[in-house]
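Asker: The structure is given below, and queries will be raised subsequently.
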Amino acid sequence: MAPLRRILSRSQIRRTVKGLAAQLRSDYGEERPVFVGCLKGAFVFLADLVRQVGIPLQVDFIMVSSYGMGTTSTGKITLLKDVATDLAGRHVVFVDDIIDSGLTLQCVREHLLSRGPASLRVCALLARESVLAEGAAIDYLGFPVPEGFVVGYGIDYAEQYRQLPDIYVLEGEG
Ligand code: IMP
Ligand code: MG
Numbered sequence: 069m070a071p072l073r074r075i076l077s078r079s080q081i082r083r084t085v086k087g088l089a090a091q092l093r094s095d096y097g098e099e100r101p102v103f104v105g106c107l108k109g110a111f112v113f114l115a116d117l118v119r120q121v122g123i124p125l126q127v128d129f130i131m132v133s134s135y136g137m138g139t140t141s142t143g144k145i146t147l148l149k150d151v152a153t154d155l156a157g158r159h160v161v162f163v164d165d166i167i168d169s170g171l172t173l174q175c176v177r178e179h180l181l182s183r184g185p186a187s188l189r190v191c192a193l194l195a196r197e198s199v200l201a202e203g204a205a206i207d208y209l210g211f212p213v214p215e216g217f218v219v220g221y222g223i224d225y226a227e228q229y230r231q232l233p234d235i236y237v238l239e240g241e242g
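As structure tokens, this is what we get:
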């Protein structure tokens, strides 16, 4: 097994999720937004986030595949599961674990916009410094992260490590 180097502790994550939730609470108030989580990686983040937000909201999921079992993007995005909620006229918050190249975000954004939401914003726990430097439009961001394959807190490598409460970089990968 590849060695893991811890980069974010559960208490750092908890503080940051609380801060994001406070921003979302003040921005959405009584709008009853739909939080669309990206499976599977965002499931832990989304679960913690919605419990902190403390306003009426709905939750749905979308599932796309780009990585398969490796650590590098195939560059092709396939929609594996669509949202079940009618998003027309709704305020939508897309919630993802990590924005890496930004390709998934771009595809999902176009897809969700085609459903005619009243608004669409993006909330990501992590985003690469490189994609932020390119100007990726992320409305609510937890932490910028450098290169290096990250795992834990819902995020996997070949379906391993999702259950870890902290976030790690997989040494010797990426
Ligand atoms: P993008 O399309 O290149 O932005 O990649 C987005 C998706 O790839 C993320 O939502 C993750 O599911 C996955 N991904 C990207 N980087 C990592 C990583 O370092 N660890 C685990 N999954 C990753
Ligand atoms: Mg993902």
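Be aware that the sequence shown starts at 69, since it is given in the working numbering, and climbs by one per residue.
Heads up, the beta-carbon is just placed ideally off N, CA and C, and yes, glycines get one too.
(1) For a test of your reading of the model: does the CB of residue 191 fall under 7 Å from any non-hydrogen atom of the ligand IMP? Yes or no.
(2) Helix, strand or coil for residue 85? Go by DSSP, reduced to three states.
(3) Assign residue 224 to one of three DSSP states: helix, strand, or coil.
(4) Please report the straight-line C-alpha distance between residue 103 and residue 240, rounded to a whole angstrom.
(5) Where does residue 96 fall in DSSP's three states?
(6) Within the stretch 148 to 195, note down every full beta strand (DSSP E) run reaching 3 residues or more, in order along the chain.
(7) Here's a check: name, in chain order, each residue in its chain whose Cβ is nearer than 8 Å to the Cβ of residue 204, leaving out the five neighbours to either side.
(8) Does the beta-carbon of residue 247, which I'm using as the reference point, lie nearer than 7 Å to any heavy atom of the ligand IMP?
(9) Have a look at the DSSP bridge pairing and note the partners of residue 237.
(10) Indicate, with yes or no, if the ligand IMP has a heavy atom lying under 7 Å from the CB of residue 223.
(11) Go ahead and label residue 155 buried or exposed: buried means 16 or more other beta carbons lie within 10 angstroms of its beta carbon, across all protein chains shown.
(12) Would you call the CB atoms of residue 191 and residue 161 closer than 8 Å?
Answerer: Checking against the coordinates, here is how it stands:
(1) no
(2) helix
(3) coil
(4) 35 Å
(5) helix
(6) 159 to 167
(7) 167, 170, 173, 195
(8) Outside the displayed span of the chain (69 to 242) sits residue 247, for which this structure offers no information.
(9) 73, 218
(10) yes
(11) buried
(12) yes
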